[in-house]
Amino acid sequence: MQFSPFHKSEPRNNVFQAALLVLISFAFASAPAIADQHEKKPVQVLFKNVNIFDGFSDKLQMNMSVLVEANYIKEVGKSIDAPGAFVVDGGGRTMTPGLIDMHQHVMLNPPEGTASYQTRWDDAAGGAFAIHHMNHNMLMKGITTIRDIAGDPLDIAKAIDGGHLAGPRIYSSGGAISQTGGHGDWAGRNVPPEILASHIDMSQRTQNTWVVDGPAQVTKAVRLNLRRGAAFTKVMGGGGVASEFDPLEIMGLSADEVRKAVEISTDNGTYVATHAYHDASYNRLLDLGVRSFEHGFLVTEPTVKRMAKMGEKVVWSFQCFMSVNTFGDYDAMPAFFTHEQKLKGVAVGKGARRAAKMMNKHNVFTIGGSDMFGVPFVERIKEDITCNVDAGYTPAQALKHWTGNAGKVLKWSGPKDPYPTYELGTIKKGAYADLLLWDGNPLKDIKLILDESKLVLVMKDGLTYKNTLVGVDSPIYRPARPPMTRGQFPL
Ligand SMILES: [Zn+2]
């Protein structure tokens, strides 16, 4: 880790340039001698009188100060001396790290759901829907980082990091690796095999998924993702609800295919995440070195105990809202699901409550990922956090799944980490300045996070996207709408 104030080591980060622009425009308006002094000083913001949830502890640190310099946290303490810093009085509000959704599919957001993406919308519209939702339903609501786990927003991530678009940080797997007929095979039944194999059907053309068979094709697809900037690999290890040809009980990729995906990913210093539901797939994938386990709602206690024993080498990724609330109820499921898909959903809904109880009881290392995409779900993502509490976790645990634990797992990307310089999901010296201020204490009342008027400040990467602490006539007022470009001001 480096703590250079000028962040020269960040490949996908433009904060320094943004700050420099401010200073250069200042220089034009001022005497050159003054400009020289200012060019050496990075922008500092000092938050005073805030109660901190650090991403891990179940207690707030009361009456603290946090010093942000450029895009990272320089200091956390009772009283911090920072002459020249822009001071924000937190007024005893709660400060949490920015929220991290560890299971998103931002490219799968056309209004009618994933299936329509194949037939009704092209990839340009897919990108437009993606940035709209990342903006309004993620960043502005306090989700400052997402792990995109199947889909290809890699160039959108580049545009966000370059300051051209406003959105959360993105750790993406790129296209999911699926076998023919697996959870990533979204082509229609009558798409000719030669089209599927040539990767020119819609989902593969956009690189939101790969339909591949055999270790050689898996190798190629994994390497193509990593070449374009994927931070990890997503494999389809078992059957799924939202796909047409794969009952939940089946295995997905063969052992040889998963082994190859793990080998290539590990060779690149990163890890493999998997979609799977049941004991057979979970255990085979554990044997093969997969580390991030999504869903898993049909597993039994011996598998849960095995995961618990592995500590933080593996993680369970809980999709609470979609599984418990939506899949539990045949009639509440998306209209684009077939009858068979809805029956699969009901089975998952029942299993999810049981799985969460076992994972909690055995203290399995856990993260939260909403899997909520497609209107209207994308508008309700934060209900996945409150759902964790309904499923038996404490508010502090629920927030830890979405902050501290998530930040640890993101760092598993090693040399493929797009944001390698600082930590994420925590408030401490040497973490990225992704910070939220809430009216009230979410550790006491988790539901308050659903009330957008209680979220009074959203800072990502040291820049403020929402600020209703001040009145509308203040030049640093940022209402709950995105700025057209990254802020020229830190506040
Ligand atoms: Zn998913």
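Quick note: to get our numbering, add 323 to the position in the sequence shown (first position is 1). All residues carry an ideal CB built from backbone N, CA and C; glycine is no exception.
For residue i, the nearest candidate out of the options (CA to CA)
{"i": "residue 549", "options": "378, 495 and 484", "result": "495"}
{"i": "residue 588", "options": "405, 721, 364 and 552", "result": "552"}
{"i": "residue 821", "options": "739, 419 and 726", "result": "Residue 821 is absent from the model: the chain starts at 324 and stops at 814."}
{"i": "residue 570", "options": "663, 404, 785 and 604", "result": "663"}
{"i": "residue 722", "options": "366, 680 and 419", "result": "419"}
{"i": "residue 489", "options": "591, 703, 516 and 457", "result": "457"}
{"i": "residue 574", "options": "557, 558 and 604", "result": "604"}
{"i": "residue 685", "options": "636, 607 and 630", "result": "630"}
{"i": "residue 367", "options": "655, 408 and 572", "result": "408"}
{"i": "residue 781", "options": "519, 586 and 789", "result": "789"}
{"i": "residue 644", "options": "633, 632, 376 and 671", "result": "671"}
{"i": "residue 702", "options": "445, 455, 512 and 384", "result": "455"}
{"i": "residue 580", "options": "798, 591, 796 and 557", "result": "557"}
{"i": "residue 725", "options": "711, 736, 737 and 735", "result": "711"}
{"i": "residue 506", "options": "704, 680 and 667", "result": "667"}
{"i": "residue 669", "options": "681, 659, 655 and 516", "result": "655"}
{"i": "residue 535", "options": "572, 576 and 565", "result": "576"}
{"i": "residue 432", "options": "700, 754 and 798", "result": "700"}
{"i": "residue 620", "options": "771, 406 and 681", "result": "681"}
{"i": "residue 446", "options": "660, 478, 459 and 468", "result": "478"}
{"i": "residue 818", "options": "568, 749, 633 and 634", "result": "This structure cannot settle anything about residue 818, because the visible part of the chain is limited to 324 through 814."}
{"i": "residue 636", "options": "572, 786, 582 and 735", "result": "735"}
{"i": "residue 792", "options": "386, 776 and 786", "result": "776"}
{"i": "residue 586", "options": "539, 665, 624 and 520", "result": "539"}
{"i": "residue 784", "options": "633, 798 and 748", "result": "748"}
{"i": "residue 483", "options": "786, 796 and 514", "result": "786"}
{"i": "residue 698", "options": "365, 750, 459 and 504", "result": "459"}
C-beta atoms of residue i and residue j nearer than 8 Å
{"i": "residue 778", "j": "residue 413", "result": "no"}
{"i": "residue 616", "j": "residue 427", "result": "no"}
{"i": "residue 709", "j": "residue 769", "result": "yes"}
{"i": "residue 647", "j": "residue 687", "result": "no"}
{"i": "residue 449", "j": "residue 430", "result": "yes"}
{"i": "residue 397", "j": "residue 752", "result": "yes"}
{"i": "residue 401", "j": "residue 380", "result": "no"}
{"i": "residue 584", "j": "residue 595", "result": "yes"}
{"i": "residue 714", "j": "residue 766", "result": "no"}
{"i": "residue 716", "j": "residue 683", "result": "yes"}
{"i": "residue 470", "j": "residue 692", "result": "yes"}
{"i": "residue 544", "j": "residue 500", "result": "yes"}
{"i": "residue 611", "j": "residue 705", "result": "no"}
{"i": "residue 593", "j": "residue 737", "result": "yes"}
{"i": "residue 754", "j": "residue 745", "result": "yes"}
{"i": "residue 524", "j": "residue 566", "result": "no"}
{"i": "residue 399", "j": "residue 750", "result": "yes"}
Presumed contact (8 Å Cβ cut-off) between residue i and residue j, rounded CB distance
{"i": "residue 464", "j": "residue 410", "result": "Actually they do not touch by this definition, with Cβ atoms about 26 Å apart."}
{"i": "residue 678", "j": "residue 622", "result": "6 Å"}
{"i": "residue 498", "j": "residue 533", "result": "5 Å"}
{"i": "residue 598", "j": "residue 563", "result": "6 Å"}
{"i": "residue 404", "j": "residue 466", "result": "Residue 404 to residue 466, Cβ: 33 Å. No contact."}
{"i": "residue 757", "j": "residue 421", "result": "3 Å"}
{"i": "residue 374", "j": "residue 417", "result": "5 Å"}
{"i": "residue 537", "j": "residue 608", "result": "Residue 537 to residue 608, Cβ: 18 Å. No contact."}
{"i": "residue 659", "j": "residue 435", "result": "6 Å"}
8 Å Cβ cutoff, residue i in contact with chain B
{"i": "residue 558", "result": "Judged by its chain identifiers, the structure shown contains no chain B, having just a single protein chain."}
The segment 638-650 touching the segment 597-617, judged by at least three CB pairs closer than 8 Å: With a cut-off of 8 Å, the segment 597-617 and the segment 638-650 count as touching, because enough Cβ pairs lie within range.
The segment 467-479 in contact with the segment 523-539 per 3-pair CB rule at 8 Å: Yes: the two stretches touch, three or more of their Cβ pairs being nearer than 8 Å.
Contact between the segment 723-732 and the segment 392-406 (3+ Cβ pairs under 8 Å): No: fewer than three Cβ pairs fall under 8 Å.
contact_flag[the segment 649-660, the segment 668-676] where n(CB pairs < 8 Å) is 3 or more: Contact holds: three or more Cβ-Cβ distances are below 8 Å.
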